[in-house]
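Undergrad:
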Amino acid sequence: MTDAPLYSILETRGLTMRFGGVTAVDNVDFRLRDGELRCLLGPNGAGKSTFFKCLTGQLTPSSGTVIFDEQEITGWHTHQIVNLGVGIKTQVPNVFDGISAYENVRLSARRKHIPSVAKDLTHHTMERCGITHLARRDVGLLSHGQRQLVELAMVLAGEPRLILLDEPAAGMTGEERDRLAGLVLEAARSAAVVVVEHDMAFIRQIAKFVTVFNRGAIFREAMIADIMQDREVQEIYLGKQANVA
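Take any residue in the sequence shown, count from 1 to its spot, add 112: that is its number in the working numbering.
1. Distance check for Gly-126 and Ile-275, CA to CA, integer angstroms please.
2. Could you check if Phe-131 is buried or exposed, using at least 16 other CB atoms within 10 Å of its CB as the buried criterion?
3. What's the C-alpha gap between Glu-279 and Ser-212?
4. I'd like the span of the beta strand (DSSP E) that includes Gly-275, first residue to last.
5. Our contact map puts Thr-323 next to Arg-145 with C-beta atoms below 8 Å; I'd like the distance itself, whole angstroms only.
6. Roughly how many whole angstroms lie between the Cα atoms of Ala-303 and Thr-135?
7. Let me check understanding here. Comparing Cα to Cα, which of Lys-224, His-236, Ile-185 lies closest to Pro-272?
8. Relative to the C-alpha of Ser-174, which candidate in Asp-181, Lys-165, Arg-218, Glu-182 has its C-alpha closest?
9. What three-state label does DSSP hand Ser-175 in the structure shown?
10. Whole alpha helix (DSSP H) runs in the region 277-335 with 4 or more residues, listed along the chain?
11. Could you tell me if Gly-257 is buried or exposed, where buried requires 16 or more neighbouring beta carbons within 10 angstroms of its beta carbon?
12. Among the residues of its own chain, which have a CB less than 8 Å from the CB of Glu-215, if the five just before and after it don't count?
13. May I have a chain-ordered list of the alpha helix (DSSP H) segments no shorter than 4 residues that lie completely inside the region 169-229?
14. Work out the CA separation of Arg-218 and Arg-240 for me, nearest whole Å.
15. Looking only at C-alpha atoms, which of Leu-122, His-310, Lys-231 sits nearest to Phe-180?
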């Protein structure tokens, strides 16, 4: 008797994205198990961010399919994907300027909960993210790293089954990055997580299994220790970062 195959919460089949004569994502087959934390690596132009945008409805792929929880979502709008239980954090923080950090997080919590429950969830999530002291601050006046943490709190307050993070550590201080690493690992206990990131020091804090992109395709998938020892990955895809991070 063999073990049943592990359930895939996210899958792409033949996913391809072309811009004119340029193929940014090339026939990618990708599977993410339920509850798995996966990091996507690769140099600028490797296709990983375009792949992320196809997953999150920011781009409609030229061909192929995206499947979440056994339902095809290819070409769906971002808000439709979020409503299925997917938390999305883009490269540029997608927050509401002009209102407080607390109100930003509360709006996310209110998607699923009555006001009293949403209030408790908002306070708890902001405490988890270490941004309680920012509660009354206008998000438009916060630093980039602080805005990153507010948006992550918004994602977590939505209690998603799948979390997709595009360069979440960008613009963060070392302390903010360490807090983020802890939050990502904590979130991975209750949700599947995909992290697209350049910061190898951050990747080393969180990664177990890694997918490396190059020229729009998956070049290598392996445990982080094996990726860091892979000379071809180091030289061609991660460059000097792999040796100094």
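By construction, the Cβ of each residue, glycine as well, lies at the ideal position given by its N, Cα and C atoms. None of these values were measured; they are calculated from a predicted model.
TA: In short:
1. 22 Å
2. exposed
3. 24 Å
4. Gly is not the amino acid found at residue 275; the sequence shown has Ile there. From DSSP, the beta strand (DSSP E) with Ile-275 extends over 274-278.
5. Not confirmed; about 13 Å, so no contact.
6. 31 Å
7. Lys-224
8. Lys-165
9. strand
10. 286-299, 312-318
11. buried
12. Phe-208
13. 190-195, 213-221
14. 14 Å
15. Leu-122
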